[in-house]
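For reference, the structure is listed below as structure tokens.
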Amino acid sequence: MSASAEAKSRRERRSVVAELEGALLRDAATFPYFMLVAFEASGLPRFTALLALWPLLWALERALGRGDLALRAAAFVATAGVPRAEVEAVARAVLPKFMADDVDPAAWAAFGSCGGRRVVVTRMPRVMVERFAREHLGAHEVVGCDLEYSRLRRSTGFVRGGGGGERAVAERVRALFADGDRPDVGIARSESATRSFLPFCKKQLRPPFCEDDGDDVAAAGEQHKCPPFRPVIFHDGRLVCRPTPLMSLVILLWLPLGALVAFVRIAVGISVPIQIIPRIAPYFGGAVVVHGAPPPAAASGPASGVLFVCTHRTLMDPVVLATVLGRRVAAVTYSISRLSEVLSPIPTVRLTRDRGVDAAQMRAELSRGDVAVCPEGTTCREPFLLRFSALFAELSDRIVPVAMNYRVGLFHPTTARGWKAMDPIFFFMNPRPVYEVTFLNQLPAEETCAAGKSAVDVANYVQRILAAKLGFECTTFTRKDKYRVLAGNDGIVNVKPPPAADPAPWQRRLKEVLGFLLH
């Protein structure tokens, strides 16, 4: 075996133990993650209570040196009484994005280059970390405390396994390595980690985590390349910014004013003609940026409408498109709320997921005018495009791709687990919501089904040119993939509502009394 191959083999067998807070993640603070759990799993009251407790937590950790007690108090306030399913859902759908944004590149390079057993040590409850550590860091084990749950599957707020301090952490790490074996590499920043598990490791890395390989580099002839970090494509939650104490205070102070601003913006948008909305948007703190030339309105006649194929970023995509065009555009939708349909200033067409029925509905709308369709089937917040459904390519040869994107500062206007009726409200609650609309040229005839191309080829071509325009990456993920990650289901809703239950006797009696009084 050559020296280069031998050095590579040694690296692939190396085991590593790394501290999460302050090492793999740049910020050692755990408070923002408990704030996320409080806000997303329980709501604003618990979020406010935990923020009010922050001065005491800071004093316990910094002034008194009782970081363990501060963490237990934060865990209790953030999770006590919360259903276990909610805690796990937030850990699965919300926390990984914020952790991924805070990964230290140098620490990841050292951690990811080890191909053997990978262990992550955390001060937070393991349920909050395991999804990110296993799916994105490639960890095999996570060492940390555990939340306790009652028989009703609700968190008690207490943690177990966090006692014993540094010695307990060292013992748990040693227990993972049998036969007296020791981890090859240890990565840590905090003093407690350097006193607990780091002395147990053969090679110890501290900031700036630059690993001097010595013989390995000389044998390999070049520096070992770390595997790329797996990005977070799907994530949920309403908060855009990491809820540090200062940012959390800003969010709380802005919420009442933001709700008022959203009400005014929505009221104005409903009451004025859509043609003038882009012109007045700057006066209400927003902006609509248009690139490219929109196609002119088609002459009346059968099948005369233009089919606008849009990237799907928020529920507002077809509405913003209609305001830019200044004319009627029907939007085909699937699972929007009744409130969103009522507030929509453009006609909406509900799809059924039956290919034949949906195709007939869209053809009928195209015969009446322009139609906007989002073939991804669901929104994606990150710079990725999901797989395009090919149905649209079979319906028309007048296809105009439209690249939609948006920018917000405080709140995400999309959700997979929450109440979708609040999506437009959260969009308009942002201090300065900005939408970007980029019109591409109409597809040439040779790139449509009329030229003999398959519908799948046309859909893939449209996906590629839209991704290139936005600087996004094409994927083969679908709506089902997103909802399996974020909500634990396929994202399918029942088209027919369940039958209403018979009213209780007291309800019937109350209805009779009210009917008599009103009569």
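To convert, note that position 399 of the sequence shown is 436 in the working numbering; the numbers rise steadily by one, no gaps.
The beta carbon of each residue, even a glycine, is placed where N, CA and C say it ideally should be.
In this structure residue 67 is in contact with residue 108, their Cβ atoms being roughly 6 Å apart against a cut-off of 8 Å.
Per DSSP, reduced to three states, the secondary structure at residue 281 is coil, with no helix or strand assignment. 461 is the residue among 59, 316, 86, 461 whose C-alpha sits nearest the C-alpha of residue 355.
At the C-beta level, residue 223 and residue 213 stay beyond 8 Å of one another. With fewer than 16 other CB atoms across the displayed protein chains lying within 10 angstroms of its CB, residue 101 is exposed. Taking the C-beta atoms as reference points, residue 277 is found no nearer than 8 Å to residue 62. As a beta-bridge residue in DSSP terms, residue 192 pairs with 186. Assigned with DSSP and collapsed to three states, residue 497 falls in helix. In this structure, residue 411 sits near residue 349, with a CB-CB distance shorter than 8 Å. Per DSSP, residue 441 is one residue of the beta strand (DSSP E) stretching across 436–444. One thing to note: residue 193 has its Cβ no nearer than 8 Å to the Cβ of residue 143. Spatial neighbours of residue 230 in its own chain (CB-CB distance under 6 Å, excluding positions within 5 residues in sequence) are listed in chain order as 56. Looking at the DSSP output, residue 223 shares a beta bridge with 54, 241. For residue 512, the secondary structure class from DSSP, reduced to helix, strand or coil, is coil. Three or more pairs of CB atoms, one per stretch, sit closer than 8 Å, so the stretch 280–287 contacts the stretch 73–88. Residue 326 and residue 471 do touch by the CB rule: their CB atoms are close to 7 Å apart, below 8 Å.
For residue 190, same chain residues with a beta-carbon under 8 Å away, outside a window of 5 residues either side, are 120, 121, 122 in chain order. Note on geometry: alpha-carbon atoms of residue 164 and residue 70 lie some 12 Å from one another. Apart from the 5 residues on each side of it in sequence, residue 364 sits with its Cβ closer than 6 Å to the Cβ of 334 in its chain, given in chain order. The secondary-structure analysis by DSSP pairs residue 328 across a beta bridge with 475. Of 215, 78, 247, the smallest CA-CA separation from residue 60 is found for 247. Comparing alpha-carbon positions, the option among 148, 321, 156 lying closest to residue 243 turns out to be 148. The residue from 457, 477, 95, 174 with its alpha-carbon nearest to that of residue 376 is 457.
When C-beta atoms of the stretch 484–499 are compared with those of the stretch 429–443, three or more pairs fall below 8 Å, so the two segments count as touching. For residue 355, the enclosing alpha helix (DSSP H) covers residues 354–362.
Look at residue 333 here: in three-state DSSP terms it is coil, with no helix or strand label.
Closest in C-alpha terms to residue 418, from the list 449, 296, 97, 402, comes 449. The beta carbon of residue 519 sits closer than 6 Å to those of 271, 415, all from its chain and outside the five residues before and after it, given in chain order. A straight-line Cα-Cα distance of about 32 Å links residue 183 and residue 516. Rounded to the nearest angstrom, the gap between the Cα atoms of residue 505 and residue 138 is 24 Å. Annotation for residue 375: the continuous alpha helix (DSSP H) segment containing it runs 375–380.
Residue state for residue 267 is assigned as coil, using DSSP reduced to three classes. For the pair residue 171 and residue 266, the Cα-to-Cα distance works out to about 12 Å. For residue 158, the enclosing beta strand (DSSP E) stretches over residues 155–162. For residue 407, the pairing in a beta bridge is given by DSSP as 366. A distance below 6 Å between beta-carbons, with the five flanking residues on each side excluded, links residue 480 to the following residues of its chain, in chain order: 436.
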